[in-house]
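Taking it in order: structure first as structure tokens, then the write-up.
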Amino acid sequence: MSSVGTAERALTIGVPHKVIHPAWVRVTHWINALAMLLMIGSGWQIYDASPLFGFEFPKQIALGNWLGGALLWHFAAMWLLVINGLVYVSLGLLTGRFRRKLFSLRPSEVLRDLLAALRGKLAHDDLSVYNAVQKLLYLGILLTGVVIVLSGLSIWKPVQFQWLTSFFGGYNTARYVHFAAMTAIVAFLVVHVSLAVLVPKSLRAMIIGR
Numbered sequence: 118m119s120s121v122g123t124a125e126r127a128l129t130i131g132v133p134h135k136v137i138h139p140a141w142v143r144v145t146h147w148i149n150a151l152a153m154l155l156m157i158g159s160g161w162q163i164y165d166a167s168p169l170f171g172f173e174f175p176k177q178i179a180l181g182n183w184l185g186g187a188l189l190w191h192f193a194a195m196w197l198l199v200i201n202g203l204v205y206v207s208l209g210l211l212t213g214r215f216r217r218k219l220f221s222l223r224p225s226e227v228l229r230d231l232l233a234a235l236r237g238k239l240a241h242d243d244l245s246v247y248n249a250v251q252k253l254l255y256l257g258i259l260l261t262g263v264v265i266v267l268s269g270l271s272i273w274k275p276v277q278f279q280w281l282t283s284f285f286g287g288y289n290t291a292r293y294v295h296f297a298a299m300t301a302i303v304a305f306l307v308v309h310v311s312l313a314v315l316v317p318k319s320l321r322a323m324i325i326g327r
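My numbering numbers the first residue of the sequence shown as 118 and each following residue consecutively.
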């Protein structure tokens with residue numbers, strides 16, 4: 118065992134690992150994951166009651182068994198999603214996390230990191246720093262979250278929120294917008310989970326913070 122290696126280990130003893138995700142980020146992340154899975158599954162069951170396109174979602178992956186049951190699950194998860202989302206966004210703004218992590222984005226950086234990702238050469242050495250593709254995806258999913266909540270409200274209460282339903286082009290158009298936002302979220306989840314599998318330390322950081 119070399120003296121240099123011994124000295125390096127001695128210097129790291131008692132030095133805490135850098136916190137990548139604080140507790141509030143981890144808690145809201147997993148609550149949001151649960152709420153989204155409940156909303157997507159119940160939303161598929163609601164869709165099957167009146168399909169927009171020439172297909173239906175298999176009953177095995179839908180939640181609620183029938184329209185009434187799916188609506189109960191959907192509304193319960195809706196409140197969980199909205200309250201948790203408000204907590205996450207409020208803390209993200211108040212703590213400056215959004216400003217530090219997301220709001221320094223340049224098109225040239227997005228193109229550079231996207232090309233690197235396509236070539237499989239995008240580095241993930243420092244999980245505390247988001248690359249440009251991550252920033253774009255996270256900003257996009259936050260915006261999509263706003264769209265799916267507002268379009269959902271316009272479908273749920275088209276009379277009470279008539280102005281909102283009109284903003285989306287009417288009840289039927291709002292359903293298409295809601296479906297498109299759901300599709301975008303599912304696509305994001307596929308990419309998100311795939312990256313967590315490819316970079317396991319990112320999943321560990323979202324569990325224990327380091």
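Ideal placement from N, C-alpha and C gives every residue a C-beta, glycine not left out.
Alpha helix (DSSP H) segment containing glutamate 226, residue limits: As a position in the sequence shown, residue 226 is number 109, starting the count at 1. Counting along the chain, the alpha helix (DSSP H) containing glutamate 226 begins and ends at 224-235.
Inter-residue spacing [alpha-carbon to alpha-carbon] between glycine 287 and isoleucine 200: As a working mapping, residue 287 is identified with position 170 in the sequence shown. As a working mapping, residue 200 is identified with position 83 in the sequence shown. Taking the straight line from one Cα to the other gives about 26 angstroms.
Alpha carbon of lysine 252 to alpha carbon of arginine 217, nearest angstrom: As a working note, residue 252 is residue 135 in the sequence shown. As a working note, residue 217 is residue 100 in the sequence shown. If you take the alpha carbons of lysine 252 and arginine 217, they lie about 11 angstroms apart.
Leucine 198 and methionine 156 closer than 8 angstroms at C-beta: The count along the sequence shown starts at 1 and reaches residue 198 at position 81. The count along the sequence shown starts at 1 and reaches residue 156 at position 39. Yes.
Through-space distance from arginine 292 to proline 275, alpha-carbon basis: As a first step, residue 275 is located in the sequence shown; it is residue number 158 there, counting from the start. As a first step, residue 292 is located in the sequence shown; it is residue number 175 there, counting from the start. Approximately 11 angstroms, taken between the alpha carbons.
Cβ pair alanine 313, leucine 306 closer than 8 angstroms: Against the sequence shown, residue 313 aligns to sequence position 196. Against the sequence shown, residue 306 aligns to sequence position 189. Not in contact: alanine 313 and leucine 306 (Cβ atoms no closer than 8 angstroms).
Unbroken alpha helix (DSSP H) run spanning isoleucine 157, endpoints: As a position in the sequence shown, residue 157 is number 40, starting the count at 1. Note, isoleucine 157: alpha helix (DSSP H), 140-166.
Contacting residues, own chain, Cβ-Cβ under 6 angstroms from alanine 233 (five flanking each side not counted): Within the sequence shown, residue 233 is the residue found at index 116, counting from 1. If we look at alanine 233 and ignore the five residues flanking it on each side, its Cβ neighbours are Leu239.
Beta-carbon proximity of arginine 229 to alanine 249, cut-off 8 angstroms: What you label residue 229 is simply residue 112 of the sequence shown in a count that begins at 1. What you label residue 249 is simply residue 132 of the sequence shown in a count that begins at 1. In this structure, alanine 249 lies closer than 8 angstroms to arginine 229 by Cβ.
Simplified DSSP state of valine 246, which is helix, strand or coil: As a working mapping, residue 246 is identified with position 129 in the sequence shown. Coil at valine 246, not helix or strand.
Whole-number beta carbon distance between lysine 176 and arginine 327, since they are thought to touch under 8 angstroms: Within the sequence shown, the letter at position 210 stands for residue 327. Within the sequence shown, the letter at position 59 stands for residue 176. Their Cβ separation, rounded to whole angstroms, is 41 angstroms, which puts arginine 327 and lysine 176 out of contact at 8 angstroms.
DSSP state of phenylalanine 215 mapped onto helix, strand, coil: Within the sequence shown, the letter at position 98 stands for residue 215. Of the three classes helix, strand and coil, the one that applies to phenylalanine 215 here is helix, per DSSP.
Cα-Cα separation, alanine 140 to proline 317: If you number the sequence shown from 1, residue 140 lands on position 23. If you number the sequence shown from 1, residue 317 lands on position 200. C-alpha separation (whole angstroms): 19 angstroms.
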